[in-house]
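Quick note, the sequence shown lines up with residues 0 to 161 if you use numbering that gives the first Met the number 0.
Beta carbons: idealized from backbone N, C-alpha and C, even for Gly.
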Amino acid sequence: MEEQIWNYIDGTCTEEEKIQFEKLLASNADIKKKYEELLQLNQLFAAAELNEPSMRFTMNVMDAINAAVPVTPLKTFVDQRIIKSIAIFFVGTISVLLIYLLSQMQWSFSSGNNFNFNFDFDTSKIFSTTFINVFVMINVILGLLLLDKYLHWKKFEKRISH
0 MEEQIWNYID GTCTEEEKIQ FEKLLASNAD IKKKYEELLQ LNQLFAAAEL NEPSMRFTMN
60 VMDAINAAVP VTPLKTFVDQ RIIKSIAIFF VGTISVLLIY LLSQMQWSFS SGNNFNFNFD
120 FDTSKIFSTT FINVFVMINV ILGLLLLDKY LHWKKFEKRI SH
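Quick look at the structure:
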């Protein structure tokens with residue numbers, strides 16, 4: 000029944016349906032009451048102004064977001080001195096290893112101004128245990144991770160400053 004009332008209010012019903020509904024409206028008090036309620040509701044909707052955003056609303060919002068100052072990330076919870084001391088430890092360990100390897104090489108000078116290296120040193124003394132191999136691999140991996148973190152941080156600082 001509500002659908003018929005709405006069709007009558009909107010004027011989308013046929014002429015025959017309109018005449019039939021008007022007769023029903025005159026004879027039935029419940030339908031007349033429902034009709035008056037829906038008619039008031041329709042008038043409220045017609046009187047209400049719908050707020051539409053401006054044509055540039057989306058662009059204005061995006062411009063405001065772009066203009067906002069980017070929030071700087073929180074500093075790491077780890078103290079920078081700890082990170083630097085770990086880096087110094089790794090660099091020191093690798094340096095000591097390289098110095099030890101260079102000291103095990105056989106250096107010789109031949110007649111004339113020729114300087115010869117003899118790379119025939121016994122690496123089994125140095126890299127004989129699995130522990131040393133794992134330790135060196137971990138140092139290299141951690142050193143590369145530290146370098147990667149440093150390069151990403153520099154890239155991030157450049158992006159923030161622009």
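Write down the C-beta distance between residue i and residue j rounded to the nearest angstrom, noting that I regard them as a contact closer than 8 Å.
i, j, result
"Leu37", "Ile30", "About 10 Å separates the two Cβ atoms, so there is no contact after all."
"Val135", "Leu96", "7 Å"
"Ile4", "Lys32", "The pair is not a contact, with the Cβ atoms about 11 Å apart (cut-off 8 Å)."
Which same chain residues, not among the five before or five after residue i, have their C-beta less than 7 Å away from its C-beta?
i, result
"Ile8", "Leu37, Leu38 and Asn41"
"Val60", "none"
"Ile64", "none"
"Trp152", "none"
"Lys17", "Tyr7"
So, for residue i: in the same chain, excluding its five sequence neighbours on each side, which residues have a beta-carbon less than 8 Å away from its beta-carbon?
i, result
"Phe89", "Asn138, Leu141, Gly142 and Leu145"
"Ser53", "Asn59"
"Cys12", "Gln3, Asn6 and Phe20"
"Glu35", "none"
Just to confirm my understanding: we take residue i, look at its own chain, exclude 5 residues before and 5 after, and list those with CB closer than 6 Å. What are they?
i, result
"Ala45", "none"
Problem set entry | Contact the region 138 to 145 vs the region 84 to 95: 3+ CB pairs below 8 Å | Touching, per the Cβ criterion.
Problem set entry | Contiguous alpha helix (DSSP H) assignments of at least 4 residues, all confined to the region 79 to 105 | Runs of the alpha helix (DSSP H) inside the region 79 to 105: 79 to 103.
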